[in-house]
Each structure stands twice: as structure tokens, then as C-alpha cells.
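So in this note's numbering, the last one in the sequence shown is 811, and the numbering has no gaps at all. Just so you know, even glycine gets a beta-carbon here, dropped at the ideal spot from N, CA and C. Remember, predicted model here, so these are calculated numbers, not experimental data. Before any comments, here is the structure.
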Amino acid sequence: MSCKSCFSGLIVFLFLLIPGMNVLAQSGTLSGFVYDAETRESLPYANIIVEGTSKGTYTASDGSYTIKLDTGTVRIRYRFISFRDTVIQFHIQSGKEVQQDVYLRPDLTSMEVTVSADRVARKVQELARLRDQQNSNLNSYKAEVYKLAILSNVNKGFNYEDAGEDDLEPIAFSERKSEIRYTSDPERYSETLEANRASDNFFSEYDFFSTGGAPLNLNSDEVVLSILSEGMSVVGPISDKAGRFYELYDEEADSSWPEGTIEIYFEPKTDNRPLFEGQVWYDEEQSVILGIDVTLNEYAETNSGTFKISDLRYQQSYKKVGDFWLPEKTELSAMLQFITSKDRIYYHDEWTWDNYELNARSVDPQQIELNTTNILQDAHKRQQAYWDTLLNREQNDNARLLGEATEYEEDRAMVKVGMSAMRTFFRLPYQLERFYMTNISDIYHYNRVEGNYLGLGARTPVHPDYEYRAIGGYGFGNQSWSYELSGYHFFGNSFVAPEGSYHKQTLPQYQDYEYNRTPLDFFEARQTMYALTTGTSGNNYFEREGYEAGLRFRFGTESFLRTLYLDETHRSLTATSSFSLFGDGLTPEEFTNNDPIFPAQEGTIKGLYLHLHHDTRQYLRTQFLRDYNIRAFGWLTDAVLEKGISSWGSDFDYNRYRVGLKFYWPVFSSHFFQTDIIVGASDAGVPNQRLFTYNGYVLDDYVRYKPFNTIDYREPLGNRISQIKVRYKFGSSLTRSIPINFIQKSGIKISTVLTAGVIDQTSSLEPLLPYSGSKAQAEIGIAASKIFGILYAEVSKKLYGKYGNSIGFLILF
């Protein structure tokens, strides 16, 4: 290569480099300290925010900060919890540094009205504020966690303090490998189980004691816990409210902790709510928590009706990751006892945290599912070699007991039965998601139109991107085949999916049949039971044949819009069977299959169907259905609009809509406040079988329920209805307070229900409002769930109205 060529190349290189050097030069630096204006003490972890952007930083442990800024005029907001924000405008010059110390004044309106006179309580409040301030700079994290739980036989006098390997007889194990993702705004926490396995005599591969969110933050005024799906809030002992609920003491920690570590002891002042007792260790100089060891009091003991969990203990140690102190090891302990056995079993679960990613862009709140625990489809298929090569397995103290637990053989009949019941309780929801059967009623059901129905239903396992169903069967009463082929599929990362259905079905009249059925949807099973025992059922039936096709749009987790074209023929049906297990007195002539007032109408429907669904409620998969008892506010909206268009060839020209809203508020301790609102209306052209304004709705996408419990599903109410249902859930705290031993041990959860609404026979799309000349309907009820661990019962009394019965009773699995 010639020198001329080299020189030319150098000129080109410098020409390309100069613009980059120019860009680097177009910035300056802002630095300084942030102080408390009253005490003149520095404020660590204060937020420094560039207004109008997502850019910012925070002060170091000595209150200092440095941030690079583009040249020009910028406005900087200085923020610290319980202090007033301060906004200062700066002119940043290229290559220069601006020094600015800032003094923030306390915001008395945001602080506690009463300040504890107790020195330790004041220190706890200060520690809580500093930790909150530090955590405000942690937007998200991702971590790998290895979990190993061991069950051990213990003697009657066993306690945690004296526990040693000689006191334990390991009998079962559960091993899991997870990825945990957390975001602070919105606050979401989700765990993905990448691998899991358990011994046959272990009740679950999954966690039965969960924080329902991120690891315990004891400086929160409401620490959230979930124990066997019992959601509860516990006042944190390192919080602003700690002095009201706890006796607090402190002293220097022993030599097992770094020099300068302070130990705080706390114990509850009251026994009428769930509270902690134990200790916390913190570094006084850095004001950071190093370790936690707490046990829940007796009030938090949990019963399922078949087993009891007590002495729940939580231990947590932390390590510094970047500028943040995050979990290093978590230990969850409890005593387990089956109601039918006097033997106690010690549960000890240890989590080892590793491979943190802080404020990672890969942690997108919209990609964190509302289901707090997700299990990969092949998670249970990992071979022994996979577990043997896990690097953080050796760091887990439970690993030394794994060999004994693997070799143990259970010979106690009561323990075997109890473990089997618990295993079913925990595993079934996840197994159903991988199940290929649609619903038990697609195999067999009975009603007075189809008579005995035999068939088969298959589906794809639950997947976020697609679902396909194929159902077929034969009704021996009406001697007719039924079928359904349906599905949707999001290809790649697309937000839109084709969706369609081709069907011929016999369906209940006055029901919204556009809902997701699980393999354990018992609604049709109950209808079969009624028909077999009495010769009747709670519904009339009609036939629906045709297809629907369109698009499904997804906007985020549990949020979608379906837009479908309808082309289907509806036929009125007659009763064909008089069979009953208790006599054959009923005949088709005496009990016809049609409502005498609003019979099913025959004809073709061609038009549009729109369905909007948006759900923000987090849930656990520890039951047959979703369990929304998470201590976090959530809401759901589910809206349907259907339009029959005569110009498209429809025999019915009509409009109908239904809007449902559900709000879920956690309140005192383990209580919840729930509000359901439904507004529905239809005009004169709606065929009777498609009316939403009967007493049959599906507000939740997994649960059928009636607005009024005292009114039968098939009783017509009118063309318009507006209804509100208010439910207060006491959890199991109410039954625990009853001084009767078997009731306290039952684990039954009690709730009260008040339902009120207005009903109108006018064909109109205008929403129905109170005091509009419409008919009012109201009822009050009491409900109990977790009866024997699986049953739900509700009894209601009509307070006002012309529809339904004076008493309504409902029992569900």
C-alpha cells in the first residue's frame, strides 16, 4: 500500500471521527450534595430527575451525586420521601461542571401525624424511610433462584431454636429452578418455574407459602403474604406504623455479624390480628438491613379443613448488588399437621438467589403475566443430570438432607391420605393447563333435549399465543350430532391473530356462551345432575349452527379485543326425554323445552360480535379456578356488543350490549372488598335466546355467576338491567375468632353479599338508571367458601322486588 493511500485513509478516518468528538463535547456535568435542610445531614439515595425525560440518577450513601447532561437549559427535580420536591433550572455548558448543593425541607403533610416518643421506634421509622428511598431507584430486577424444600418428621417437643440434623428425619423433598422478575411501576412480580420435581410423598412441587409478590419488605406498612391462598396483610415491624403494633428493643449484634451491626427485637402488642415477632439486623452506618428472622403469631395460623399450618417463619439474608441490597438466601419454615393425625411434620424451604440483572430493559411490565407463578410445559421433564449440574445447589443447606429424603418410604396411612389430598390441591390447576381434554361435560351430559349425550373434546394445552379446540358428540334423545372446531393463533410477536369457529351446538337459553371453559367447569355437570334426579334442568335449550370468523387483538397481559363476523342459524328445540332416577312422571308434553313467555326464536343471524376484555388482577394458581386473593388492588372490565344486520341477510336486526366491571380492594388484615357492576340493554329486534338481560351472565372469563341468587338462571327479567353487587370477604379470620374448636380448625372463609339493581321491560339501548320508573330488586346474603377445602355455598334473602324466590341457595365445587 502506498503512503498516499495511507494518508488518504487517515484523512477519511479523521473526517468520520470529528463529528463523534463534537457530539461528545456537547455535554456538561452537574454535581453536588443533597442535605436535610433542618438537620444538615446528607440524604442518601435521593432522586435526581431530569424533568421531561426518563433520565436521572440518585445520591450515593454520603449524599453526593454526579450526572452528565446535554448542553442547554434543563430543569432538575430533587426528591426524597417525606421531603418537599425542589426543582432548579440550570444552564449546562459544553465540557464544564456545575456545582450545586441542595437542601430539602421535610413535608409535614406526608409524614406521620404522631411521632413516637420511643427511641427505637423513631430509629425504625428513619430506617424505613431510608430503605423506601433506596428502593425507589430500583425500577426492576431479574434473578435466578434455586429452591429446595424438605419435609421432616419431628418429635412433639421440637422447636426451631433447638433444631439440628439429629432432630430431623427427612421424608420428602421438592426441588425447583426459577427465574424471578420484578418491576416497581406498576408493581408486578412473577416467577417462571423452569424446572421442578418432587418425591411422590411430597404434597407439591410448588410453594404453598408465598409473599404474593417480591421478598418480604418489613418496612412496608402492609407486608403481603399468601398462605394456602389465604391472602393477608401484616404491619411491618420496620415501618412508620411499627411503634403502634410492636414492642421494640435494640442492642449490638453478636460477633457473627459485621462490626457496627445493630439487632432490633420486636413482639406484637396485640393478638387480634396477624403480626410478626422476631428480630432484624441492620448496618447503622449505611442504614441497610442485613438479615431478617421473623415468625407469624398464632392469629396467622391457616387451616384448609384437612390440614393445619402453624409457626410460619421467614428468614432472609441480603448481599450488595450494585448500589442495592438484595436477597441472597431465603428460608421459609412451618409446622404441618393433618387434622386426622397427631404427628407433626417440619417444612423447611430454602431459596438461593443468583445472577441478578438490575434495571434491565428486558424486564418489561407488560410481559410479566398477572399469574404470579408460571410453569414451563417441559419443566417437569428434567433428568437427574440437569439437577446434578446446578451450580448453586451446593450452596443450599437443605442439599445435605436430600439423599435421606429421596430414600424414605412412607408407611403411615393418615399421612399418605393427607399428602395425596394436598398434592391434588396444589398440582391439579397446573396439570389442567397441560390437559388435552376440554371439559368433562363434553364426554357425557344429560338434558331433556339431547337425552344422554356421549362425545369427546380435545384442546391444545394452555399457551399465551394460541388455542385450538375440537369437540364432537351425539345426543341419543334428539338423535343429532354436535360439533365445534375453534381456535386463534398469534404468530411470532404479532399483536393480531386470526380467530374462528365452525359449530353446531345445543346450548342453554338466556346464557352468555362466549367464555373460557376449564376442564373442571361444573356448571353443565350441575345441569346434568338436576336433569337426572328430577327430570328437569335449570335451563331451556336451543340449537346454534354456523360459523364466526374475525380477528383477536392483544394489548397486553389479559387484555384483548375480539372482532368477529357472525353467520349462524338458530333453531327452537323440544323435549325428547322423560327419564329421571326418581320416577318417570314427567313427559315432554308436560314440561316442554321452551320458555312460555319468551320462547327461542328461529332464524338466521348475520352481523358483528365485539368483545373487549381487560384484567389487571393478579392471581395464584393454587385452586381449580384462579385465586384472586392477592393483597393488591385490581380491576376487570368485560364488555360485549352484538349487532344483527338485516342488510347482510339476517332475519334479526338488533343491537345488544353488556358491560361488566369488577373491583377488588384488599382491606383490614386478610379481608377484601369486592364490587361488581353490570349494565346490559337490548332493543326490540333481539331474539329471545340472545338476551343478556336475563339472570345469566358471565362477568369473569373463568367463572359463571348470577347477578341475583334468589332468581333462577332462566327467569326473564326484562330488556334492560343495571346491577351492583357488593361483597365483603372476611377470609378465615372470622371463623378463627369463634371459640368453637372444630369451627376454628375448619379454614372456612365467610363473606357477606348485598345485591341491588333496577330492571325494565322497555326495548332500548339507553343505560338504565335508578329512579327511572324501572322495577327495583335487592337481596342480601352470606357465603362460605373452602368448606372441607373445596365447597362454596351461598344463601340469600330477597329484600325487595317481584322476581325470583324469597330465599336463594347456591352450592359449588
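Exposure of residue i, with buried meaning 16 or more beta-carbon neighbours within 10 Å
i: L288; result: buried
i: M417; result: buried
i: H443; result: buried
i: E159; result: exposed
i: I343; result: buried
i: T37; result: exposed
i: N353; result: exposed
i: I86; result: exposed
i: I805; result: exposed
i: T531; result: exposed
i: E250; result: exposed
i: G153; result: A quick correction: the sequence has Asn, not Gly, at residue 153. Under this definition N153 is an exposed residue.
i: V494; result: exposed
i: A383; result: exposed
i: G155; result: exposed
i: W351; result: buried
i: E448; result: buried
i: V665; result: exposed
i: W279; result: buried
i: E185; result: exposed
DSSP three-state assignment for residue i, whether helix, strand or coil
i: Q621; result: The predicted position of Q621 is uncertain, since its pLDDT is 47 and thus under 50; a value taken from the coordinates is nonetheless stated next. The answer is coil: DSSP assigns Q621 none of H, G, I, E or B.
i: N842; result: This structure does not reach residue 842, given that the chain is present from -1 up to 811, and the question cannot be answered.
i: D440; result: helix
i: T753; result: strand
i: A630; result: coil
i: R117; result: helix
i: T84; result: strand
i: D636; result: strand
i: L505; result: strand
i: T37; result: coil
i: W479; result: strand
i: G647; result: coil
i: L606; result: strand
i: Y801; result: coil
i: V152; result: coil
i: H487; result: strand
Presumed contact (8 angstroms Cβ cut-off) between residue i and residue j, rounded CB distance
i: V233; j: L273; result: 6 angstroms
i: T57; j: L67; result: That pair is no contact at about 16 angstroms.
i: V292; j: Y316; result: 14 angstroms between Cβ atoms; not a contact.
i: G716; j: D758; result: 5 angstroms
Extent of the continuous alpha helix (DSSP H) to which residue i belongs
i: Q24; result: Per DSSP, Q24 belongs to no alpha helix (DSSP H) and is neither H nor E.
i: A403; result: L400 to E405
i: F243; result: A240 to F243
i: V385; result: Reading off the sequence shown, one finds Trp at residue 385, where the question assumed Val. That run of the alpha helix (DSSP H) goes Q382 to D386.
For residue i, the nearest candidate out of the options (CA to CA)
i: P235; options: E192, N295 and E185; result: N295
i: P839; options: N301, R688, V152 and D164; result: Absent from the structure is residue 839, since the part of the chain shown begins at -1 and ends at 811.
i: I709; options: S176, T55 and S794; result: S794
i: M527; options: G471, R446, T574 and P765; result: R446
i: L400; options: F201, G470, Q393 and I148; result: I148
i: S648; options: Y472, R359 and T567; result: T567
i: K239; options: N396, F264, S668 and K175; result: F264
i: Q616; options: W663, T572, R656 and L571; result: W663
i: W349; options: T259, F433, S172 and G276; result: S172
i: S80; options: I643, L610, N45 and T259; result: N45
i: Q314; options: E329, T300, F322 and F433; result: E329
i: D139; options: L639, D321 and Y464; result: The sequence shown places Tyr at residue 139, rather than the Asp named in the question. Nearest of L639, D321 and Y464 to Y139, Cα basis: D321.
i: G453; options: D681, S439 and H461; result: S439
i: R179; options: H89, L128 and L356; result: L356
Residue range of the beta strand (DSSP E) that includes residue i
i: Q91; result: Note, Q91: premise wrong, no beta strand (DSSP E); not H, not E.
i: W279; result: F274 to D281
i: Y652; result: Y652 to P664
i: P820; result: In the structure displayed, the chain extends from -1 to 811; residue 820 sits before or after that span and is not available.
i: K327; result: F322 to F336
i: A782; result: K773 to I785
i: R73; result: G70 to R77
i: T371; result: T371 to I373
i: S557; result: S557 to S570
i: D352; result: I343 to L356
i: I307; result: F305 to V319
i: P266; result: T259 to P266
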